[in-house]
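*Asks:*
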Amino acid sequence: MAQRSFIDSVQVLPLAHKVVAGSALVVLALAGFLFFQWASTPTFAVLYNELDDRQLSEVIEGLDSQGVQYQVEAGGTRILVPRSQVATARARLASDGVSAGVSVEGYELLDQSGLSVSDFRQQIDYKRAIEGELSRTLVAMDAITSADILIVVPEEALFAQNQDPTTASVLIDSLRPLTVTEIETITFLVSSAVEGLEPDAVAVAHVDGQVLNAPGNAAGSSTVSNRNLRMVEDFESSLASDVQALLVTMLGPDRSSVIVRADLSFDEQSVETQTFEQDTATPLREQLLNEQLNGSGAPPVGTVGVNGEELPVDGDGAYTYLRDESTTEYGINNTTTLSVTAPGSVKSLSVAVAVDDGSGTGLPAPNPTQIEALVTAALGLNLERGDQIEVSAVAFALAEEPDAATAAAAEEATASPLDQLPSLLGAVAVVLIAAALLFMTRSGKGGKKSAGDAAAIPGGAAPALPPGAPQAAIGGGGQE
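Note that our numbering has the sequence shown beginning at 33, numbered continuously upward.
1) Below 8 Å between beta carbons: does that hold for Ala172 and Tyr139?
2) So what does DSSP say about Tyr139, is it helix, strand or coil?
3) Just to confirm, are Leu112 and Gln98 a CB contact at a threshold of 8 Å?
4) Kindly indicate which three-state DSSP category Arg317 falls into: helix, strand or coil?
5) DSSP has Leu203 in a bridge; who is on the other side?
6) Report the CB separation of Val222 from Leu166 in whole angstroms; it is logged as a contact under 8 Å.
7) Would you say Leu203 and Leu244 are within 8 Å of each other, going by their C-beta atoms?
8) Looking only at its chain, what residues have a beta carbon closer than 6 Å to the beta carbon of Gly64, apart from the 5 residues adjacent to it on each side?
9) Run through DSSP, which three-state label would Val52 get?
10) Suppose contacts are defined by Cβ-Cβ distances below 8 Å. Is Glu268 in contact with Arg287 by that definition?
11) Which runs of the beta strand (DSSP E) spanning at least 3 residues fall entirely within the region 386–439, listed in chain order?
12) Measuring CB to CB, does Pro247 end up less than 8 Å from Thr199?
13) Determine the direct distance from the alpha carbon of Leu142 to that of Glu227, and round the result to whole angstroms.
14) By Cβ distance, which residues of its chain are closer than 6 Å to Leu182, with the 5 residues on each side in sequence left out?
15) So what's Ala294 in DSSP terms, helix, strand or just coil?
16) Need the endpoints of the alpha helix (DSSP H) that Val222 sits in, please.
17) Can you tell me the Cβ-Cβ gap for Ser302 and Val372, rounded? I've got them flagged as a contact below 8 Å.
18) On the DSSP letters alone, give me the boundaries of the beta strand (DSSP E) that Val100 sits inside.
19) Quick one: measure Cβ to Cβ for Thr367 and Thr307, integer angstroms, because I've assumed they're closer than 8 Å.
20) Could you have a look at Val113 and say whether DSSP puts it in helix, strand or coil?
21) Across which residues does DSSP place Gln77 in a beta bridge pair?
22) With 16 other CB atoms within 10 Å as the buried threshold, where does Gly412 fall?
23) For Gly363, list the residues DSSP reports as bridge partners.
24) Taking Val243 as part of the beta strand (DSSP E), name the residues at either end of that continuous run.
25) Exposed or buried, which one is Asn81 when buried takes at least 16 other CB atoms within 10 Å?
26) Can you grab the Cα-Cα spacing for the pair Gly129 / Thr169, in whole Å?
27) Along the alpha helix (DSSP H) that carries Phe191, what are the first and last residues, could you check?
28) Once DSSP output is grouped into helix, strand and coil, what is the label at Ser482?
29) What's the gap between the Cα of Leu62 and the Cα of Ala459?
30) Are the beta-carbon atoms belonging to Val407 and Val426 less than 8 Å from one another?
31) By DSSP, does Glu230 sit in helix, in strand, or in coil?
32) Rounded to whole angstroms, what's the CA-CA distance from Tyr158 to Ser127? Just pull it up for me.
33) How many angstroms separate the CA atom of Pro231 from the CA atom of Thr177?
34) Using 8 Å as the threshold, is the C-beta distance between Gln324 and Tyr353 below it?
35) To the nearest angstrom, how far is the alpha carbon of Ile421 from that of Ala374?
36) Which whole-angstrom value is the C-beta distance of Leu79 and Arg124, which I expect to be below 8 Å?
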């Protein structure tokens with residue numbers, strides 16, 4: 033009965049109302065379909081990269097057999113699947129024997145060597161094997177999608193001073209810009225895997241042409257300078273955090289601000305000092321010499337002449353000769369001290385502390401002198417070294433809480449259009465349904481009112497008919 037009443041209500045609607053109601057239903061159905069499509073679309077992630085045509089066709093055939101959705105990008109060299117199915121799809125493709133990605137051979141190259149391979153071929157295969165293994169190692173990192181490595185090992189020179197250094201170049205492709213730590217990791221991994229390769233001799237570049245690490249750290253983003261800068265920032269942040277924790281304990285939260293600037297020396301120094309103690313002497317060696325010559329007369333002696341003959345010399349009379357000589361060698365205590373100053377020593381510190389004077393909050397004002405003494409002791413400041421500290425009590429600006437309208441406007445401004453799509457579709461659907469119900473209700477009331485008016489017309493007020501024509505009964509009573 034209700035269905036019959038609904039159909040009758042629809043039939044009595046004017047044509048314009050029927051068109052509006054039908055359009056609303058169509059728009060509502062379309063909005064629901066679009067919302068369902070948007071909600072059911074998965075997030076895609078890279079399955080394989082750097083594919084050739086043959087590998088791409090094999091992967092697509094395997095994914096089709098598994099019923100997995102996929103997208104092809106980068107001119108047919110990259111294929112993506114839903115993020116939740118990446119691991120499963122790779123495992124199934126591997127079980128089916130589908131080889132995807134750039135095939136890099138490592139130490140398996142050495143398994144193909146025969147007995148008749150020359151020394152030159154063995155050296156080349158060994159270098160290629162190391163390059164392949166390093167490429168696999170770098171691709172295993174999350175951000176790196178491909179890595180090409182070239183290693184140059186010069187021939188061994190006769191003299192070590194004439195030996196050319198070993199160098200390496202790395203060309204990588206990544207899903208995002210690499211951090212300084214990741215660049216350092218690449219450099220040290222490659223240099224540690226090759227004998228005689230120093231980290232400064234490894235060049236790292238991106239496929240977009242950006243130099244990430246240049247030999248000798250000549251690039252603008254050198255590894256050493258970035259590491260030193262990060263060390264300074266970490267040191268300053270650690271000191272400021274310690275002082276801030278101390279001030280929070282004394283004054284409470286949001287009543288202090290601390291900034292620390294450090295001047296660090298990254299020069300490595302080695303000083304050797306040797307000290308001798310003069311007051312202590314220990315005999316190490318002693319030598320005594322005693323000579324005596326006793327006689328009543330000396331034999332004739334002489335010197336050899338020009339022609340070799342001996343010139344006669346008369347001897348002296350009786351004589352006595354005595355010689356005593358003593359030599360003692362002492363050892364003096366000495367101390368040798370080798371002092372090595374590691375890079376990162378503190379040259380000077382500058383500290384700025386701002387505390388709330390309590391004028392805006394009504395809290396008691398702190399004592400800047402006391403705070404300066406505590407901070408100086410906590411950081412070990414040395415004014416003779418050039419350290420500086422400044423403590424000021426100032427009025428802090430009170431943070432104003434934004435009202436609800438401002439917060440809602442800010443949240444709406446920062447929201448993504450995709451995040452607002454469900455709300456917009458829901459609002460459109462509600463408006464269309466309300467409009468359709470309003471038109472249907474008004475139309476139903478108009479039809480009932482017309483029928484009631486017709487029933488209320490009295491019999492005497494019936495329109496005139498031609499003479500002799502019968503009159504229909506209206507309202508249950510009429511004339512024949």
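C-beta: ideal position from N, C-alpha, C; glycine also.
Computed from a prediction, not measured in an experiment: that's the story for all the values here.
*Replies:* Inspection of the coordinates gives the following:
1) Note that the C-beta distance between Ala172 and Tyr139 is not below 8 Å.
2) coil
3) no
4) Note: Arg317 maps to strand in three-state DSSP.
5) Asp180, Ala237
6) With a Cβ gap of about 6 Å, Val222 and Leu166 count as contacting.
7) no
8) none
9) helix
10) no
11) 420–426
12) yes
13) 18 Å
14) Ser201
15) strand
16) Val222: member of the alpha helix (DSSP H) spanning 212–225, first to last residue.
17) 5 Å
18) Here Val100 belongs to no beta strand (DSSP E), and DSSP marks it neither H nor E.
19) For a cut-off of 8 Å, the C-beta gap from Thr367 to Thr307 is around 5 Å, short enough to register as a contact.
20) strand
21) Sequence inspection shows Ala at residue 77; the Gln mentioned does not correspond to that position. Ala77 is bridged to Val113.
22) So Gly412 ends up on the exposed side.
23) The bridge partners DSSP lists for Gly363 are Thr314.
24) 243–245
25) buried
26) Approximately 22 Å between the Cα atoms of the pair.
27) Note, Phe191: premise wrong, no alpha helix (DSSP H); not H, not E.
28) Low local confidence applies: a pLDDT of 46 at Ser482 is under 50, so the model's placement there is unreliable, and no value is given.
29) 14 Å
30) no
31) Glu230: strand per DSSP, three-state reduction.
32) 30 Å
33) Linking Pro231 to Thr177 through their CA atoms gives a straight-line distance of about 22 Å.
34) yes
35) 26 Å
36) Their Cβ separation, rounded to whole angstroms, is 11 Å, which puts Leu79 and Arg124 out of contact at 8 Å.
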